[in-house]
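In UniProt numbering, the protein residues as written are 3 to 184.
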Ligand code: PRP
Ligand code: MN
Ligand code: MG
């Protein structure tokens with residue numbers, strides 16, 4: 003059985019650090035998109051917390067939509083082959099789109115998503131992510147807004163899961179090796 007108390011190694015980003023950074027990012031987004039209608043696209047399921055907390059800090063009028071995607075292939079890292087499980091309800095023609103993600107790891111998911119959404123006639127498509135692991139990048143992704151660059155460690159919490167657990171933690175922490183090694 004999992005026990006959040008002993009499964010975690012350390013807190014990487016506290017609830018307060020995340021909140022403060024999201025306030026800064028929202029300020030930049032408000033300024034950059036002033037006078038435009040913005041569509042926020044959250045990527046299920048990891049982006050749920052970031053979407054909720056970032057969107058609440060924006061003063062712009064925004065719409066929100068969601069996509070669910072899945073990587074083909076086994077293992078814990080993505081293969082780059084992505085399939086859409088739930089598509090957008092929104093027509094992107096002429097829209098300013100900001101994809102909201104919890105983390106860019108290999109970059110394969112967002113690289114695919116970015117080119118997919120850019121074929122749909124949007125006026126612009128940009129990315130906001132809370133976390134990025136620069137040393138894990140298999141493909142470079144042009145990201146407009148990054149909350150924190152973090153080391154290549156197994157992180158959970160604030161939307162991020164290990165085997166679907168720990169998403170509800172209000173902070174981002176590293177997982178103790180015993181959880182995923184035995
Ligand atoms: C995780 C994370 C990103 C993606 C990043 O999602 O939320 O969407 O992986 O990995 P990449 O940069 O290597 O492609 P996951 O596929 O685990 O689904 P989830 O959001 O439902 O946890
Ligand atoms: Mn995800
Ligand atoms: Mg996941």
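Each residue gets a CB set at the ideal place from its N, CA and C atoms; glycine is no exception.
query: Comparing alpha-carbon positions, which option in 82, 119, 8 lies nearest residue 92?; result: 119
query: Can you list, in chain order, the residues of its chain with a C-beta nearer than 8 Å to that of residue 141? Leave out the 5 residues immediately preceding and following it.; result: 82, 108, 109, 110, 113
query: Please specify which runs of the alpha helix (DSSP H), each continuous and at least 4 residues long, are wholly inside the UniProt domain "Phosphoribosyltransferase" (15–164), giving them in chain order.; result: 17–34, 50–57, 110–120
query: Given 8 Å as the limit, tell me if residue 48 has its C-beta closer than that to any heavy atom belonging to the ligand MN.; result: yes
query: With a threshold of 8 Å on Cβ separation, who are the neighbours of residue 55 within its own chain once the five nearest residues in sequence on each side are excluded?; result: 20, 21, 24
query: Straight-line CA distance for residue 128 to residue 11?; result: 33 Å
query: Excluding the 5 residues flanking residue 96 on each side, which residues of the same chain have their C-beta closer than 8 Å to its C-beta?; result: 123, 124, 125
query: By the 10 Å Cβ neighbour count, where 16 or more other Cβ atoms means buried, how is residue 29 classified, buried or exposed?; result: exposed
query: Where does the unbroken beta strand (DSSP E) through residue 177 begin, and where does it stop?; result: 174–177
query: In whole angstroms, give me the CA-to-CA distance for residue 43 and residue 8.; result: 34 Å
query: Excluding sequence positions up to five away, which residues of its chain have a Cβ less than 8 Å from the Cβ of residue 136?; result: 151
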